[in-house]
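Undergrad:
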Amino acid sequence: MASFRLIIESGRTERHYWRDLWRYRELFYLLAWRDLLVRYKQTVIGVAWSVLRPFTTMVVFTLVFGKLGRFPSDGVPYPLLVYAALLPWQLFANALSDSGNSLVGNAHLISKVYFPRMIIPATALIVSLVDFLVSFGIMAGLMAWYGFAPTPALLLLPLFIVAAMLCALGPGLLITALTVQYRDFRYITPFLVQIGLFASPVGYSSALVRERFGELAYHLYCLNPMVGVIDGFRWALLGPAFAVNWTGFAVSFGISAILLVAGIWYFRRMERRFADVI
Numbered sequence: 049m050a051s052f053r054l055i056i057e058s059g060r061t062e063r064h065y066w067r068d069l070w071r072y073r074e075l076f077y078l079l080a081w082r083d084l085l086v087r088y089k090q091t092v093i094g095v096a097w098s099v100l101r102p103f104t105t106m107v108v109f110t111l112v113f114g115k116l117g118r119f120p121s122d123g124v125p126y127p128l129l130v131y132a133a134l135l136p137w138q139l140f141a142n143a144l145s146d147s148g149n150s151l152v153g154n155a156h157l158i159s160k161v162y163f164p165r166m167i168i169p170a171t172a173l174i175v176s177l178v179d180f181l182v183s184f185g186i187m188a189g190l191m192a193w194y195g196f197a198p199t200p201a202l203l204l205l206p207l208f209i210v211a212a213m214l215c216a217l218g219p220g221l222l223i224t225a226l227t228v229q230y231r232d233f234r235y236i237t238p239f240l241v242q243i244g245l246f247a248s249p250v251g252y253s254s255a256l257v258r259e260r261f262g263e264l265a266y267h268l269y270c271l272n273p274m275v276g277v278i279d280g281f282r283w284a285l286l287g288p289a290f291a292v293n294w295t296g297f298a299v300s301f302g303i304s305a306i307l308l309v310a311g312i313w314y315f316r317r318m319e320r321r322f323a324d325v326i
């Protein structure tokens, strides 16, 4: 008969936490697959919701800012200007919103079994990435409609996709931990996302900020980490009309890195208390 040894050692979980993230990768895949099924299983039009949301937003922005406000579009059709920015924004916003409520929605798991809790908010990135890939089909259709051929810069698009996901992961971990402690954040997060939509260069080009408010204001504007990501998307998809300001992108990426470290630190600090307060 095989014998087993149960080892109880203080601090063992802390020392092996990152190794456990890899060991529990199958749980990560299962939770991501479950979230995808839950999102689309009992919907009338299923995965088309991933297309309707950004497409409808593009139409509204085109009518309000493009037609009524007459915002400049830097020589490209205004719908392309907006949709190229909505792709990374929806990826960021969906991941942030879904991760914020993820631990509360999985309270039954957290209170019963051990696994690295960071797996749960991380699955929101995968679900949001699938939505992004579905929505990207509309961008391809718009580029074909307006006769825009992709440029070699398109090869760098995965870099900006990863940057958008990193932008969401840091704040997502912070909001996830705060939502467990303070349930008010379930209502604060959608409000912050709504403000961020207009504070980011979605309905306009970031060059407009530099043109109207000056270089200093533009660099302060780049403290919004999504500015560099959106500029990168437009450059990769629409070509040299939207040249990337790599200094601004570096600032945005640096802020994302700081938020990621802060998010991991705070999440790990609060993680041991999740089962008690959730």
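Residue 137 in this note's numbering sits at position 89 of the sequence shown, and the numbers go up by one each step. For every residue, glycine included, the Cβ atom is placed at its ideal position computed from N, Cα and C.
1. Check for me: the alpha helix (DSSP H) holding G296 runs from which residue to which?
2. Span of the alpha helix (DSSP H) holding V124?
3. Buried or exposed: where does V277 fall if 16 or more other Cβ atoms within 10 Å of its Cβ makes it buried?
4. Please return the same chain residues whose Cβ sits closer than 7 Å to the Cβ of L214, not counting the five positions on each side in sequence.
5. Determine the DSSP secondary structure at N142, reduced to helix, strand or coil.
6. I need the boundaries of the alpha helix (DSSP H) containing P198, first residue and last residue.
7. Considering only their Cβ atoms, is the gap separating A201 from S176 smaller than 8 Å?
8. Alpha carbon to alpha carbon, how far is L203 from L111? Give it in angstroms, no decimals.
9. Would you tell me roughly how many angstroms separate the C-alpha atoms of V86 and F140, rounded to the nearest one?
10. Helix, strand or coil for C270? Go by DSSP, reduced to three states.
11. Quick check on the burial criterion: 16 or more other C-beta atoms within 10 angstroms. Buried or exposed for E319?
12. Are the Cβ atoms of L79 and I223 separated by less than 8 Å?
13. In terms of alpha-carbon separation, which member of L181, A197, T227 lies closest to P206?
14. Out of A132, T171, R118, state which residue places its alpha-carbon closest to the alpha-carbon of L84.
15. Going by Cα to Cα distance, which pick from Y269, A284, F322, R317 is closest to G296?
16. Would you mind stating whether Y194 and P125 have Cβ atoms separated by less than 8 Å?
17. For a quick check, are the C-beta atoms of A289 and G117 less than 8 Å apart?
18. When the distance is taken between beta carbons, is N149 closer than 8 Å to T227?
19. State the Cα-Cα distance for the pair K115 and I236, rounded to the nearest angstrom.
20. Have a look at D68 and L286 and give me their C-alpha separation to the nearest angstrom.
21. Under three-state DSSP, which class holds R118?
22. What's the C-alpha gap between D146 and G262?
23. One question on the structure: do V40 and A133 come within less than 8 Å of each other, judged by their Cβ atoms?
24. Give the straight-line distance between the Cα atoms of F163 and P120, rounded to the nearest whole angstrom.
25. Considering only residues of the same chain and omitting the five flanking positions on each side of V275, which have a CB-CB separation below 7 Å?
26. Can you list, in chain order, the residues of its chain with a C-beta nearer than 7 Å to that of A284? Leave out the 5 residues immediately preceding and following it.
27. Work out the CA separation of F233 and M106 for me, nearest whole Å.
28. Where do the N-terminal and C-terminal ends of the alpha helix (DSSP H) with L214 fall, by residue?
TA: To lay it out plainly:
1. Here residue 296 corresponds to residue number 248 of the sequence shown, with the count starting at 1. Note, G296: alpha helix (DSSP H), 294-319.
2. As a first step, residue 124 is located in the sequence shown; it is residue number 76 there, counting from the start. From DSSP, V124 is part of no alpha helix (DSSP H); its letter is neither H nor E.
3. What you label residue 277 is simply residue 229 of the sequence shown in a count that begins at 1. V277 is buried by the Cβ-count criterion.
4. Residue numbering aside, residue 214 sits at position 166 when the sequence shown is read from its first letter. Excluding sequence neighbours, L214 sits near S304, L308.
5. Translated into positions along the sequence shown, residue 142 becomes position 94. Helix at N142.
6. For this step, residue 198 is matched to residue 150 along the sequence shown. Note, P198: premise wrong, no alpha helix (DSSP H); not H, not E.
7. Taking the sequence shown and counting its residues from 1, the one referred to as residue 176 is at position 128. Taking the sequence shown and counting its residues from 1, the one referred to as residue 201 is at position 153. Not closer than 8 Å, so no.
8. Position 63 of the sequence shown, counted from the start, is the residue given in the question as residue 111. Position 155 of the sequence shown, counted from the start, is the residue given in the question as residue 203. Rounded to the nearest angstrom, the two C-alpha atoms are 32 Å apart.
9. Mapped onto the sequence shown, residue 86 falls at position 38. Mapped onto the sequence shown, residue 140 falls at position 92. Rounded to whole angstroms, V86 to F140 spans 20 Å at the Cα level.
10. Within the sequence shown, the letter at position 222 stands for residue 270. Of the three classes helix, strand and coil, the one that applies to C270 here is coil, per DSSP.
11. Translated into positions along the sequence shown, residue 319 becomes position 271. Buried, because 16 or more other Cβ atoms sit within 10 Å of the Cβ of E319.
12. Taking the sequence shown and counting its residues from 1, the one referred to as residue 79 is at position 31. Taking the sequence shown and counting its residues from 1, the one referred to as residue 223 is at position 175. Not in contact: L79 and I223 (Cβ atoms no closer than 8 Å).
13. Here residue 206 refers to the residue found at position 158 when the sequence shown is read from its first residue. Comparing Cα-Cα distances from P206 to each of L181, A197, T227, the minimum goes to L181.
14. In the sequence shown, the residue the question calls residue 84 occupies position 36. Comparing Cα positions, the closest option is T171.
15. Position 248 of the sequence shown, counted from the start, is the residue given in the question as residue 296. Ranking Y269, A284, F322, R317 by Cα distance to G296 puts Y269 first.
16. Residue mapping note: residue 194 aligns to position 146 of the sequence shown, counting from 1. Residue mapping note: residue 125 aligns to position 77 of the sequence shown, counting from 1. Yes, the pair counts as a contact, with Cβ atoms nearer than the cut-off.
17. Position 241 of the sequence shown, counted from the start, is the residue given in the question as residue 289. Position 69 of the sequence shown, counted from the start, is the residue given in the question as residue 117. Cβ atoms of A289 and G117: not closer than 8 Å.
18. As a working note, residue 227 is residue 179 in the sequence shown. As a working note, residue 149 is residue 101 in the sequence shown. Yes.
19. Within the sequence shown, numbered from 1, the residue matching residue 115 stands at position 67. Within the sequence shown, numbered from 1, the residue matching residue 236 stands at position 188. When rounded, the distance between both Cα atoms is 32 Å.
20. Numbered from its first residue, the sequence shown carries residue 68 at position 20. Numbered from its first residue, the sequence shown carries residue 286 at position 238. Taking the straight line joining both Cα atoms gives about 42 Å.
21. Stepping through the sequence shown from its first residue, residue 118 is reached at position 70. In the structure shown, R118 sits in coil (DSSP, three-state: anything other than H, G, I, E or B).
22. Sequence index remark: in the sequence shown, residue 146 carries index 98 (1-based). Sequence index remark: in the sequence shown, residue 262 carries index 214 (1-based). Going by the C-alpha atoms only, they are around 36 Å apart.
23. Because residue 40 is not part of the residues shown, which for the chain are 49 to 326, the question remains open.
24. Locating residue 163 in the sequence shown gives position 115, where the first residue counts as 1. Locating residue 120 in the sequence shown gives position 72, where the first residue counts as 1. Distance between the alpha carbons of F163 and P120 is about 50 Å.
25. Residue mapping note: residue 275 aligns to position 227 of the sequence shown, counting from 1. S248, P249, S254, Y269, G296, S300.
26. For the purposes of this step, residue 284 is taken as residue 236 along the sequence shown, with counting starting at 1. Correct list, in chain order: A201, L202, L204, L205, F208.
27. For the purposes of this step, residue 106 is taken as residue 58 along the sequence shown, with counting starting at 1. For the purposes of this step, residue 233 is taken as residue 185 along the sequence shown, with counting starting at 1. Distance between the alpha carbons of M106 and F233 is about 28 Å.
28. Walking along the sequence shown from the start, residue 214 turns up at place 166. Start and end: 205-229.
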